[in-house]
Each structure stands twice: as structure tokens, then as C-alpha cells.
Amino acid sequence: MNHLQIKRFKQAKSERKAGRLQRALEIFSKLHKELPKSVEIRTELGLTHYNFGQIQEAAEIFQKLHEERPEDMHILNCCGISYMQLGMFDLAIQFFKKYVGKKNDDYEAWVNLCCAAGKNSQMTDAAFYAMQALSLKPLDSKAHQNMGSVMLALGRRNDALISFQTALDLDPGNIAARSN
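Counting in our numbering, the sequence shown runs from 8 upward without gaps.
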């Protein structure tokens, strides 16, 4: 990138962070036309599409990036998140598994993997993933709430109630745990 492109790139990132997504999308799209092979620009373009609610466009960008850079952890995670939002849970699970196989200390990735498995009716797997998330953040209300949801789906009502109560003890404002 030349000096002006770097300046526009920084401006587009700033626009995205400020919530001016249409403007950010315009700038990143122009930069992408000028530098179509730039991984950094395509990644930011994908993130902007995602933030703008254009999940399919984001997923397509991240998939192409993944094909070029299969070991890039950030892109793996972005693929998983995008596919999960599209309801393509099998694909999301594949990406999240690959991701946590290399970065097993990422709490959010385990939570996402748990959610994708749960949505895909893979409750035994979801319980394992929820346990992994809990092992990383045992005092996180969301982790206990997720475990409660999985236990409830598995028909383990007493375990679910314990998890939901723990979630409420940790965060009395946890509406999801309270509703169960």
C-alpha cells in the first residue's frame, strides 16, 4: 500500500469502529479494487460486511481467504462465526474445531462451538464444548447458562437447574438463565 492507501485504510477502519459502516464499506471496496490481493484489506472488508449484516458476503470473503491461508487463525474464526450466523452449523463446527485444535485457550471459540453444536442437535458434543468453556472461565455467568441449556436439552433437568442457578448467582441480571 502506498501512503494514500494506508491513510484511506486507516480512515475506513475508523469509520467502521464509529459505526459508519456504509462509508467504511465504500472505502474498503475501492481499496479492494486497487489492491485485490491484499489480505488485510479483504479481511477488513469481510468484517465490515459482517458488521453491516451482510453475512453471506462476509462468509464468501472469509472462505476465499481461508483457501489461500488455511492456517490463519483469525480467518478460521471469522469463517466459523459467519457460517454459524448463516445457520450452516456443520461448516461452522468444522472451522471452530480446527481453530480450537490450535488455540484451545480461546473461551469465545469454545462458546461458539458449543452454540453451533447445540443448534445442530449435537448435544453430547455441545456439553463437552460447554465444559471446555467453563474450564477457561469458571466464574462466567454465560458459560454456566450455556451449560444449563445443554443439560436441559439432554434431559438432565437437575444439572440444568444447578447451572442456571450458578449463572444467576454470578450475574443476577442474566435474563436467559432467569427464564429457564
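Glycine included, each C-beta is placed from N, C-alpha and C at the ideal position.
Below 8 Å, enough C-beta pairs join the segment 88-101 and the segment 117-133 to call them touching: three or more. In this chain, the alpha helix (DSSP H) harbouring Gln29 covers 28-41. Minimum Cα-Cα distance from Gly87 among the listed residues Lys105, Glu75, Glu78 corresponds to Lys105. According to the DSSP assignment, Asp112 belongs to no alpha helix (DSSP H), since it is labelled neither H nor E. In the structure shown, Asn127 falls within a coil segment according to DSSP collapsed to helix, strand and coil.
Its chain contains Cys121, Asn153, Met154, Val157 as the residues whose beta carbon lies nearer than 6 Å to that of Ala137, once the 5 sequence neighbours on both sides are disregarded; these appear in chain order. For Leu161, the secondary structure class from DSSP, reduced to helix, strand or coil, is coil. Here Ser45 carries a coil assignment [DSSP, helix/strand/coil].
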